[in-house]
Amino acid sequence: MRAHDGPKRSYRHTQPERQPEVNDSSARCVLRPSFCPVRATVWLGLLCCLGAAVGPVRAGPRYSSRIVETKSGAIRGVILELNSKHLEPVEVFKAVPYATPPTGSLRFEPPKKLPPWTGTKLADTFSNVCPQNFPDISNRTAVLLSMPKGRYQHLKRLQPLLANQSEDCLTLNIYVPGSGSRGLEAPYSIFFYVHGEAYDWGSGNPYDGSVLASSGHVIVVTVNFRLGILGFLKTRASLSPGSGGNLGLMDIILALRWVRENIGSFGGDPKRITIVGHDTGAALANLVLISKSGKGLVQRAILLSGSALSPWALIPDPDAVRLEVSQQMACHLVPGRNGRKPSTDDITDCLRDKPIEALMGVRLTSVRFMPSWGPFLPLEDSLDPEFAMEHSGEGFITSELMLGATTTESYNDFSASDIQYGLEEDQRNRLLRTYIRNAYTFHLNEIFSAVRNEYTDWDKPIQHPINIRDSTMEALSDGHTVAPIVKVAYLHARRGAKTYMFHFAYQSKESEYPQRLGSVRGEDLPYIFGLPLVQGGPGFPQNYSRQDMGVNEAVLNFVTNFCKTGDPNEAGHQQAGQAQSPPPVHPDYGTAKERTRFRQITWETYETTTQQYLSISTKPKMRTHYRGHKMALWLNLIPQLHRPGDPEVSMRHHHFREREPHYYAGSVRAESFSRPKSLYQNGLINDAQESRQESFGTECTPDPTMGEVLQEAGGVPGDTPGNILTDEEEEELLEKLANRHYYSYTAALGVTVGVGCLLLLLNMLIFAGIYYQRDRTKRKSQASQSSTSGTLTGGIGGSGATSGTSTSLSGSNGTPDESEIPLTTLPSPSPVKAKRSIEPPPSYATLPKRSGGTNQTGVHNQHHQHQHHLHQQVPACGGHGTGYGGAKETNLGSPSTASRSGASTLGRSSTGSFCDSSSRSRQQQFSQQQD
Numbered sequence: 053m054r055a056h057d058g059p060k061r062s063y064r065h066t067q068p069e070r071q072p073e074v075n076d077s078s079a080r081c082v083l084r085p086s087f088c089p090v091r092a093t094v095w096l097g098l099l100c101c102l103g104a105a106v107g108p109v110r111a112g113p114r115y116s117s118r119i120v121e122t123k124s125g126a127i128r129g130v131i132l133e134l135n136s137k138h139l140e141p142v143e144v145f146k147a148v149p150y151a152t153p154p155t156g157s158l159r160f161e162p163p164k165k166l167p168p169w170t171g172t173k174l175a176d177t178f179s180n181v182c183p184q185n186f187p188d189i190s191n192r193t194a195v196l197l198s199m200p201k202g203r204y205q206h207l208k209r210l211q212p213l214l215a216n217q218s219e220d221c222l223t224l225n226i227y228v229p230g231s232g233s234r235g236l237e238a239p240y241s242i243f244f245y246v247h248g249e250a251y252d253w254g255s256g257n258p259y260d261g262s263v264l265a266s267s268g269h270v271i272v273v274t275v276n277f278r279l280g281i282l283g284f285l286k287t288r289a290s291l292s293p294g295s296g297g298n299l300g301l302m303d304i305i306l307a308l309r310w311v312r313e314n315i316g317s318f319g320g321d322p323k324r325i326t327i328v329g330h331d332t333g334a335a336l337a338n339l340v341l342i343s344k345s346g347k348g349l350v351q352r353a354i355l356l357s358g359s360a361l362s363p364w365a366l367i368p369d370p371d372a373v374r375l376e377v378s379q380q381m382a383c384h385l386v387p388g389r390n391g392r393k394p395s396t397d398d399i400t401d402c403l404r405d406k407p408i409e410a411l412m413g414v415r416l417t418s419v420r421f422m423p424s425w426g427p428f429l430p431l432e433d434s435l436d437p438e439f440a441m442e443h444s445g446e447g448f449i450t451s452e453l454m455l456g457a458t459t460t461e462s463y464n465d466f467s468a469s470d471i472q473y474g475l476e477e478d479q480r481n482r483l484l485r486t487y488i489r490n491a492y493t494f495h496l497n498e499i500f501s502a503v504r505n506e507y508t509d510w511d512k513p514i515q516h517p518i519n520i521r522d523s524t525m526e527a528l529s530d531g532h533t534v535a536p537i538v539k540v541a542y543l544h545a546r547r548g549a550k551t552y553m554f555h556f557a558y559q560s561k562e563s564e565y566p567q568r569l570g571s572v573r574g575e576d577l578p579y580i581f582g583l584p585l586v587q588g589g590p591g592f593p594q595n596y597s598r599q600d601m602g603v604n605e606a607v608l609n610f611v612t613n614f615c616k617t618g619d620p621n622e623a624g625h626q627q628a629g630q631a632q633s634p635p636p637v638h639p640d641y642g643t644a645k646e647r648t649r650f651r652q653i654t655w656e657t658y659e660t661t662t663q664q665y666l667s668i669s670t671k672p673k674m675r676t677h678y679r680g681h682k683m684a685l686w687l688n689l690i691p692q693l694h695r696p697g698d699p700e701v702s703m704r705h706h707h708f709r710e711r712e713p714h715y716y717a718g719s720v721r722a723e724s725f726s727r728p729k730s731l732y733q734n735g736l737i738n739d740a741q742e743s744r745q746e747s748f749g750t751e752c753t754p755d756p757t758m759g760e761v762l763q764e765a766g767g768v769p770g771d772t773p774g775n776i777l778t779d780e781e782e783e784e785l786l787e788k789l790a791n792r793h794y795y796s797y798t799a800a801l802g803v804t805v806g807v808g809c810l811l812l813l814l815n816m817l818i819f820a821g822i823y824y825q826r827d828r829t830k831r832k833s834q835a836s837q838s839s840t841s842g843t844l845t846g847g848i849g850g851s852g853a854t855s856g857t858s859t860s861l862s863g864s865n866g867t868p869d870e871s872e873i874p875l876t877t878l879p880s881p882s883p884v885k886a887k888r889s890i891e892p893p894p895s896y897a898t899l900p901k902r903s904g905g906t907n908q909t910g911v912h913n914q915h916h917q918h919q920h921h922l923h924q925q926v927p928a929c930g931g932h933g934t935g936y937g938g939a940k941e942t943n944l945g946s947p948s949t950a951s952r953s954g955a956s957t958l959g960r961s962s963t964g965s966f967c968d969s970s971s972r973s974r975q976q977q978f979s980q981q982q983d
């Protein structure tokens with residue numbers, strides 16, 4: 053083989069004479085020298101692909117001047133000028149092989165290390181994607197019955213990018229900042245991206261990492277790995293490591309090893325590798341962290357919209373898949389090599405001899421919400437993912453972790469009609485029932501009731517279909533994506549590792565998804581890769597505002613800072629002897645106020661108590677307990693409900709009573725009458741570990757008499773087909789169970805009602821006694837007041853004390869006296885024991901007048917002083933509410949006026965004869981003294 057060092061030729065591996073064939077489910081393309089019957093359509097798709105690929109590029113690529121020496125051989129890339137004045141050029145290496153092509157005898161075998169090539173390889177074009185079955189979107193009307201419009205548009209953009217397929221697809225795409233090893237931040241940290249979408253289709257080629265590499269000063273690596281039947285089929289019944297299964301996961305691990313060994317030649321730091329996965333790619337990245345083969349390969353991880361704990365992350369029964377493939381490929385009839393008899397325990401040789409289009413034609417029985425293909429357990433020596441993350445998993449615990457989710461993770465699970473018009477209550481019930489039956493095994497009725505109760509707005513008796521749709525989307529999002537992410541964050545933080553979590557709540561105003569739903573699954577990816585800064589890229593929309601750019605710059609800073617230091621708040625990787633500079637701020641990216649909001653925020657770590665996370669929106673904010681109450685349902689209550697219980701209870705007890713198809717919204721799993729075989733039953737995890745159940749809520753204890761009822765009803769232990777109850781026996785059993793529960797509930801209800809009535813009667817008696825005692829006290833008080841009033845009237849001549857008023861006494865010249873004497877309420881006098889006077893009061897009384905003017909003022913002053921002395925010595929006289937002289941609040945202008953007023957009042961009084969007589973006698977004595 054010859055190596056070309058010039059810029060106009062590229063090195064290509066020699067292809068075999070017979071080109072591998074790929075049968076695409078949508079265009080039915082076969083990759084022969086004449087690619088497919090509809091070549092015009094494919095070429096048109098390729099032209100669209102080329103047009104979309106140059107979206108973020110300002111000028112055509114030119115070959116790089118440097119040659120990178122790797123352990124696999126020399127390689128030359130291309131330089132791309134990006135469509136932004138703020139971004140430096142990027143050096144791109146496309147289709148870099150990291151393993152021997154898995155063709156021929158290497159099909160269905162673990163990936164082999166790539167032997168070195170000679171010469172210089174030109175990495176200027178993308179490789180073919182791995183063979184896959186892309187969704188059939190040829191009939192738009194039929195497609196919109198199962199997916200929303202936004203999803204349909206996204207698939208239309210991706211389809212041309214995934215047209216060329218080949219088994220020789222184990223390649224990497226590497227994006228390096230243009231400055232290379234001469235950059236200030238070199239050696240660069242690594243952003244290793246594992247694509248998602250599905251386990252049976254997709255590629256790393258559509259995800260352009262040039263903007264992320266240029267803006268964040270990191271090296272971006274995207275990977276292609278085997279998918280579907282070639283990547284996740286268990287071809288052998290043996291569970292030993294490397295027995296033919298999880299090959300796609302092994303491809304990713306080998307790619308990480310290649311990067312660790314060779315990235316230093318590109319200017320990267322092999323000790324700062326961050327694995328990033330989205331959707332199914334996040335589940336694979338999570339499995340790499342807990343796999344012993346992946347130990348030490350990565351230092352950090354970012355999981356977006358997925359994890360290994362999601363119900364869709366693993367295939368529950370890979371042996372059933374192998375049997376189904378064997379039936380469709382007739383491997384159970386084909387003898388094996390070396391004269392072996394036909395067997396379904398090992399179908400590797402059978403499938404190796406099949407053409408690729410035949411393998412791509414396999415259609416498995418699928419159920420809604422769950423994948424047909426995917427990884428399965430055990431993962432080499434790794435056991436249950438949750439157990440590994442909680443107890444072992446050294447790679448998991450030693451890596452910093454960032455997790456993120458969008459608002460509506462279940463958007464793709466609904467049809468266009470559901471999104472536009474909403475759901476009725478019976479549609480909601482069918483969707484939830486379908487998901488629960490396909491995701492869980494035990495106590496399905498109880499789980500369904502708990503979910504429906506939690507996501508129903510009981511404050512509104514009549515709910516709008518749009519509101520029902522929103523709550524159903526939230527339930528499915530929480531169940532299959534958000535709650536598992538929160539669980540992974542909790543397990544990681546509880547073991548003391550550094551954990552960060554975010555909610556991507558931002559949605560562009562130009563988004564093709566409904567604004568009411570908030571951000572949907574996948575809307576965060578353009579912001580992770582920085583595409584709004586260059587107005588989009590291949591496979592993504594190309595209309596972004598300045599506000600979108602401002603949010604994108606902040607997201608890029610968070611992500612790249614985490615890749616560099618493990619802390620999203622750090623400004624960058626600080627080299628020895630170098631000052632740490634803040635990230636650049638470009639005026640074209642958002643307003644100054646928006647940029648300030650993100651710079652002032654401090655992203656706190658996720659703790660098990662506070663559970664803090666960052667809400668990314670136009671107004672970023674640290675919050676706590678994301679959907680806390682609903683997370684408690686999925687992480688506390690449902691795990692307690694999803695327990696097998698007594699092994700003697702039939703599996704029929706766990707099934708839905710609704711078995712007819714119209715009770716479900718899509719295909720469902722067949723009912724199982726035998727307990728599923730698990731790793732626990734196979735002895736891989738001991739009984740102590742199986743019985744360990746961490747509970748954050750209240751555990752309901754089972755009814756101890758349930759076994760007696762089952763025996764009385766004729767139920768037999770075990771779940772073998774011979775012990776399955778007939779429909780009549782089942783109805784009788786359910787009726788007896790219902791009656792027993794009815795009687796027990798009735799007795800409990802009777803006791804509750806009786807105790808309630810008794811307490812009500814006791815409360816009524818207590819209140820009656822309190823009211824009776826209060827009335828009795830009131831009557832006694834009134835009688836005491838009446839007695840006191842009568843005593844005062846008869847003994848003193850007045851009917852009460854003086855009121856709280858004041859009287860101002862003035863001299864004859866109208867000027868006030870030296871003091872104003874307030875008339876205050878005096879204490880009631882004691883009963884007078886002397887003999888009461890019965891002399892009737894005169895009809896009137898007058899004061900004697902003195903002639904002469906010289907001594908008049910002195911006489912009046914003496915009279916005023918004398919009356920003041922009488923007021924202090926003698927209790928006030930008069931009726932109720934009266935002051936001195938029996939009048940109400942008065943201002944006596946002169947002694948004569950006061951005398952006449954007091955005399956007139958005394959003359960009209962019918963009571964107080966004692967006061968009138970005393971006053972008259974004192975006046976007479978005063979007159980005599982003056983004479």
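Going by this note's numbering, the letters in the sequence shown line up with residues 53 to 983, in that order. Heads up, the beta-carbon is just placed ideally off N, CA and C, and yes, glycines get one too.
The beta strand (DSSP E) with residue i in it runs from where to where?
i    : result
L134 : V130 to L134
R324 : G320 to H330
T486 : First-last for T486: E477 to A491, but that is the alpha helix (DSSP H), not the beta strand (DSSP E).
F244 : Y240 to V246
T274 : I271 to V275
Name the two residues that bound the continuous alpha helix (DSSP H) containing residue i.
i    : result
S359 : Element bounds for S359: n/a, residue is neither H nor E.
F556 : Element bounds for F556: not the alpha helix (DSSP H) but the beta strand (DSSP E), T551 to F556.
Could you compute how far the alpha carbon of residue i sits from the alpha carbon of residue j?
i    : j    : result
N734 : P430 : Caution is warranted here: a pLDDT of 39 is assigned to N734, below 50, making its placement in the model unreliable, and the coordinate value is therefore given only provisionally. Distance between the alpha carbons of N734 and P430 is about 11 angstroms.
L214 : E498 : 43 angstroms
N505 : S424 : 30 angstroms
K885 : T840 : Summary for K885: the model assigns pLDDT 46, below 50, so the residue's position carries little reliability; its value from the coordinates is reported in the next sentence. Approximately 15 angstroms between the Cα atoms of the pair.
G618 : L666 : 16 angstroms
L375 : N216 : 30 angstroms
V142 : I449 : 34 angstroms
Applying the criterion that 16 or more other CB atoms from any shown protein chain within 10 Å of the CB defines a buried residue, is residue i buried or exposed?
i    : result
W310 : buried
Q837 : exposed
N49  : Only positions 53 to 983 of the chain appear in the structure, and residue 49 is not among them; the question remains open.
T661 : exposed
M816 : exposed
A238 : buried
P513 : exposed
C809 : exposed
L577 : buried
Does DSSP classify residue i as helix, strand or coil?
i    : result
M302 : helix
K173 : strand
H714 : helix
M674 : strand
G774 : For G774, the pLDDT reaches just 40, beneath the cut-off of 50, and the residue's location in the model is therefore unreliable, although a value from the coordinates is still provided. The answer is helix: DSSP assigns G774 an H, G or I state.
Can you find a CB in chain C that lies within less than 7 angstroms of the CB of residue i?
i    : result
H384 : Judged by its chain identifiers, the structure shown contains no chain C, having just a single protein chain.
Sort out for me which residues DSSP pairs residue i with in a bridge.
i    : result
P229 : V142
S667 : H555 and K673
R352 : T326 and E452
Q217 : V181
V572 : T460
K165 : A151
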